[in-house]
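Q:
Residue numbers (UniProt numbering): 1 to 238.
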């Protein structure tokens, strides 16, 4: 006996397939977890950095650092010679020369002795220092001193030699140089320098400080020696 169409319809309806299970991606959950880890690491790093800075600041204030002292103690003339474009010349003898030379050249070797004093309870790290000798605003030669480390409560001598090899001066400056050397027996030079230093506490360096050196020296060409020296320090600039 054949089933009725209605019964067949109900059978087919009862055996129909279940709907597929829904799939929810987990990417949003992983992204939120990653962002949370990054945020925790950032907060932890910031806290550790602030803690280190706070400890360094406390130690720095407890040490009460003072500015280093850098003073020019001695200046020695090893050689000074002046020559002109004219046949006559002046080379440390004080002999008179032509009053109106076209050009003049200056050769000079001077030795500088500085004293670095560290009055602090901690060491000081000096960077490379540079010095320039000038005549009436004209740079003649330069010298540099390598950086060094100075222990606490110590004094150290620092030496530098400035060598000038036939620095040319034009007519007006040449005339002034010849007149100063031959008539007055005094040539005034200026020594400028910048000394950079950092105070070191527990292997940490403080922000750099700068001491400017400004010295006026007077040289006697006949005696080949220094007759006067005046130094000033512009102070400390961060």
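Positions of the beta carbon are idealized from the N, C-alpha and C atoms, including for glycine.
Quick test of your reading: residue 244 and residue 113, contact by CB under 8 Å. State the CB separation rounded to the nearest angstrom.
A: Since the first and last residues shown for the chain are 1 and 238, residue 244 lies out of range.
Q: Just how far apart, CA to CA, sit residue 48 and residue 146?
A: Roughly 35 Å between the two C-alpha positions.
Q: Buried or exposed: which applies to residue 169, given that a residue is buried once 16 or more other Cβ atoms fall within 10 Å of its Cβ?
A: Per the 10 Å Cβ criterion, buried.
Q: What number of angstroms, rounded off, separates the C-alpha of residue 160 from the C-alpha of residue 72?
A: Near 11 Å, if we compare the C-alpha coordinates of residue 72 and residue 160.
Q: By Cβ distance below 8 Å, which residues in the same chain neighbour residue 128 in space, the five residues on each side in sequence not counted?
A: Closer than 8 Å at Cβ, skipping near neighbours: 144, 145, 146, 147, 196.
Q: Just to confirm, does residue 174 get its C-beta within under 7 Å of one of the non-hydrogen atoms of the ligand NAP?
A: In terms of ligand content, the structure shown is empty, and the ligand NAP therefore cannot be addressed.
Q: Comparing C-alpha positions only, which one of 110, 208, 156 sits nearest to residue 142?
A: Closest by alpha carbon: 110.
Q: Going by beta-carbon coordinates alone, are residue 84 and residue 178 separated by less than 8 Å?
A: The answer is yes: Cβ separation under 8 Å.
Q: Can you list the beta strand (DSSP E) stretches of 3 or more residues lying completely in the segment 134-194, in chain order?
A: Fully enclosed beta strand (DSSP E) runs of 3 or longer: 138-145, 148-150, 154-169.
Q: Which residue wins for smallest C-alpha separation from residue 232, given the options 39, 51, 216, 35?
A: Closest by alpha carbon: 216.
Q: Using alpha carbons as the reference points, say which of 172, 139, 67 lies closest to residue 124.
A: The option with the nearest alpha carbon to residue 124 is 67.
Q: Starting from the Cα of residue 105, find the closest Cα among 229, 222, 181, 220 and give me that residue.
A: Of the candidates 229, 222, 181, 220, the one whose C-alpha sits nearest the C-alpha of residue 105 is 181.
Q: For residue 187, which option in 173, 199, 65, 119 has the closest C-alpha, if you only look at C-alpha atoms?
A: Cα-wise, what sits closest to residue 187 is 173.
Q: Measure the C-alpha to C-alpha separation of residue 131 and residue 192 and round it to an integer number of angstroms.
A: Spanning the two alpha carbons is a distance of roughly 5 Å.
Q: Near residue 65, which residues of its chain fall below 6 Å by C-beta distance, leaving aside the five closest residues on each side in sequence?
A: The residues are 120, 199.
Q: DSSP on residue 121, reduced to helix/strand/coil?
A: Of the three classes helix, strand and coil, the one that applies to residue 121 here is coil, per DSSP.
Q: Looking at the structure shown, is residue 85 part of a helix, part of a strand, or coil, going by DSSP?
A: Three-state result, residue 85: coil.
Q: Just to confirm, are residue 213 and residue 226 a CB contact at a threshold of 8 Å?
A: No, these two residues do not count as a Cβ contact at 8 Å.
Q: Please name the residue, chosen from 230, 194, 220, that lies closest to residue 208 on a Cα-to-Cα basis.
A: Comparing Cα-Cα distances from residue 208 to each of 230, 194, 220, the minimum goes to 194.
Q: In whole angstroms, what is the alpha-carbon distance linking residue 241 and residue 41?
A: Shown here, the chain extends from 1 to 238; a query on residue 241 therefore has no answer.
Q: Go ahead and pull the three-state DSSP assignment for residue 229.
A: Strand, per DSSP.
Q: Would residue 163 pass as a contact of residue 122 if the rule is Cβ separation under 8 Å?
A: It is not a contact, given that the beta carbons lie outside the stated cut-off.
Q: Among all the DSSP beta bridges, which residues are the ones paired with residue 198?
A: Answer is 125, bridged to residue 198.
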